[in-house]
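Numbering (UniProt numbering), first residue to last: 1 to 190.
Worksheet for the structure shown next.
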């Protein structure tokens, strides 16, 4: 039964749902040596919870109809942090606790009229909400509410079996991890 449940996790049916729990405008950045260069594409970073309860971090080029990146993440596996060394924009890094993998973003959120160039309170709040949502996912089927316990099933699994499966996958993450395609070549910077 564990094999079929694990196979279900990687099936095409385990895609992110249509309604994001958190979303904000963010472009990608490419790392070249020790320098980050923003890509010119406009994008959106979001967290979705699929019907089977899995959390998906997605990045979508706003000119495309489907996410370019769709990453299944588990609580305490990833965190989004501001890159404080960047003074002229709000740069962020999505980092994994289970590996050295990092994806870089920059905020494309509109600034409030009259806001100081270094007033990043709105972005700080979005990053805090992003991390809180990843680390404390809502109970599937709760309509996006808080993450309490519960009976019910998730993709045919009881809550306790689901939790056991998630713990097993996290323990064996190195052996079962599927890495997405490499990031695109960075856009030329002026």
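Where is the CB? At the ideal position from N, CA and C, for every residue including glycine.
Bear in mind the structure is a predicted one, so any value in this text is a computation, not a measurement.
Please determine, among the options, the residue with the shortest C-alpha to C-alpha distance to residue i.
{"i": "residue 56", "options": "64, 75, 39 and 43", "result": "75"}
{"i": "residue 124", "options": "93, 31, 50 and 39", "result": "93"}
{"i": "residue 22", "options": "95, 58, 102 and 98", "result": "58"}
{"i": "residue 32", "options": "169, 104 and 61", "result": "104"}
{"i": "residue 99", "options": "91, 126 and 73", "result": "73"}
{"i": "residue 137", "options": "50, 29, 36 and 28", "result": "50"}
{"i": "residue 102", "options": "80, 37, 126 and 41", "result": "80"}
{"i": "residue 60", "options": "52, 54 and 45", "result": "45"}
{"i": "residue 39", "options": "106, 71 and 53", "result": "106"}
{"i": "residue 97", "options": "121, 19 and 78", "result": "78"}
{"i": "residue 91", "options": "169, 20, 131 and 27", "result": "27"}
{"i": "residue 29", "options": "108, 47, 71 and 19", "result": "108"}
{"i": "residue 111", "options": "89, 48, 134 and 47", "result": "89"}
{"i": "residue 47", "options": "62, 122 and 71", "result": "71"}
{"i": "residue 134", "options": "122, 95, 37 and 34", "result": "95"}
Go ahead and pull the three-state DSSP assignment for residue i.
{"i": "residue 130", "result": "helix"}
{"i": "residue 124", "result": "helix"}
{"i": "residue 62", "result": "coil"}
{"i": "residue 135", "result": "helix"}
{"i": "residue 156", "result": "Low per-residue confidence applies at residue 156: pLDDT is 46, beneath 50, and the placement is therefore not dependable, though the value from the model is reported in the following sentence. Residue 156: coil per DSSP, three-state reduction."}
{"i": "residue 110", "result": "coil"}
{"i": "residue 21", "result": "coil"}
{"i": "residue 169", "result": "helix"}
{"i": "residue 69", "result": "strand"}
{"i": "residue 46", "result": "strand"}
Across which residues does DSSP place residue i in a beta bridge pair?
{"i": "residue 104", "result": "29 and 93"}
{"i": "residue 81", "result": "93"}
{"i": "residue 38", "result": "29"}
Check the C-beta distance from residue i over to residue j and give it rounded, since I have them as a contact under 8 Å.
{"i": "residue 140", "j": "residue 53", "result": "4 Å"}
Mind checking if residue i is an interface residue toward chain B, Cβ cutoff 8 Å exclusive?
{"i": "residue 126", "result": "The structure shown contains no chain B; it is built from a single protein chain."}
* Asked: If you pair each beta-carbon of the stretch 78-87 with each one of the stretch 59-67, do three or more pairs fall below 8 Å?
  -> no
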